[in-house]
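I have placed the structure first, in the form of structure tokens, so that the comments after it can refer back to it.
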Amino acid sequence: MRGAAGRGGARVLARVHLLADAGIRAYEVIDADVPFLIGGFIAAVVGAAAGALLLLTRGPRLGWVVGGLTALLTTIGYTVTRATPVPTDEDDYGNRLEPLGICSLVIQGTLVVMAAVALSGPAPLRPGHLVQEAKSVTPGLQPDAPGSGSPNEPATSP
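Going letter by letter, the sequence shown gives residues 321 to 478 in my numbering.
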């Protein structure tokens, strides 16, 4: 793959950031006692790990999308829990300078910017591209089979 999404150095750096963020969220879930926070932390761990794994495969654009969206949504969740008291967990309300939180915000901000840069370029990213990449990294699916593209793309002739 050509372009920013396929560059090896950026993908390695993003994988390190995603795995670090997954580690922070896995550590955070240990102390969480509110069910929806536990679910959010687990979803963040799974999303970051999946993004890192996809950046290793033939589907780097899909990895950038999954990792970038996970980082963005986690940042939004952090901001909301600091700005609004969470029922039965008011300890985080207003606690914006928690060292682990600041570290994760820096990691997530870097990931969002890296994903935006990697996915920008002369060729626009279309859902059909992500479907093809998902098929290429899923065992048993053939990404280039006739009619396997997005509904808007014509089937290729054999």
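For each residue, glycine too, the CB sits at the ideal point set by N, CA and C.
Note that the structure is predicted; figures quoted are calculated from it, not measured.
Cβ separation of residue i and residue j, assumed to be a contact under 8 Å, to the nearest whole Å
i: valine 354; j: aspartate 411; result: Contact doesn't hold; Cβ gap of about 10 Å is too wide.
i: valine 332; j: alanine 346; result: The pair is not a contact, with the Cβ atoms about 21 Å apart (cut-off 8 Å).
i: leucine 425; j: threonine 390; result: With 8 Å as the limit, leucine 425 and threonine 390 do not qualify as a contact, their Cβ atoms being about 14 Å apart.
i: alanine 334; j: leucine 431; result: 6 Å
Closest residue to residue i among the options (Cα-Cα distance)
i: leucine 357; options: Val385, Pro405, Leu382 and Ala334; result: Pro405
i: threonine 414; options: Ala340, Ala403 and Ile422; result: The sequence given here places glycine at residue 414; threonine does not occur at that position. When only C-alpha atoms are compared, the closest one is Ala403.
i: leucine 339; options: Ala352, Leu392, Gln428 and Asp351; result: Gln428
i: proline 407; options: Leu392, Ala352 and Leu445; result: Ala352
i: alanine 372; options: Gly343, Glu348 and Cys423; result: Gly343
i: alanine 454; options: Ile350, Asp341, Val336 and Pro380; result: Pro380
i: leucine 392; options: Val349, Asp341 and Ser456; result: Asp341
i: glutamate 348; options: Ser456, Pro459, Thr458 and Cys423; result: Cys423
i: glycine 328; options: Met434, Ile350 and Ala369; result: Met434
One or two residues paired with residue i in a DSSP bridge
i: aspartate 409; result: Val406
Item checked: Touching by the beta-carbon criterion (3+ pairs, under 8 Å), the segment 392-399 and the segment 370-377 -> no
Notebook entry, point to check: Okay, do the segment 379-390 and the segment 415-424 touch, 3+ Cβ pairs below 8 Å being the bar?
Noted result: no
Check: Using 8 Å as the Cβ pair cut-off and three pairs as the minimum, do the segment 358-365 and the segment 433-444 touch?
Finding: No, the segment 358-365 is not in contact with the segment 433-444.
Next item on the list: Kindly provide the ranges of any beta strand (DSSP E) runs that are 3 or more residues long and lie completely inside the segment 416-442, ordered along the chain.
Entry: none
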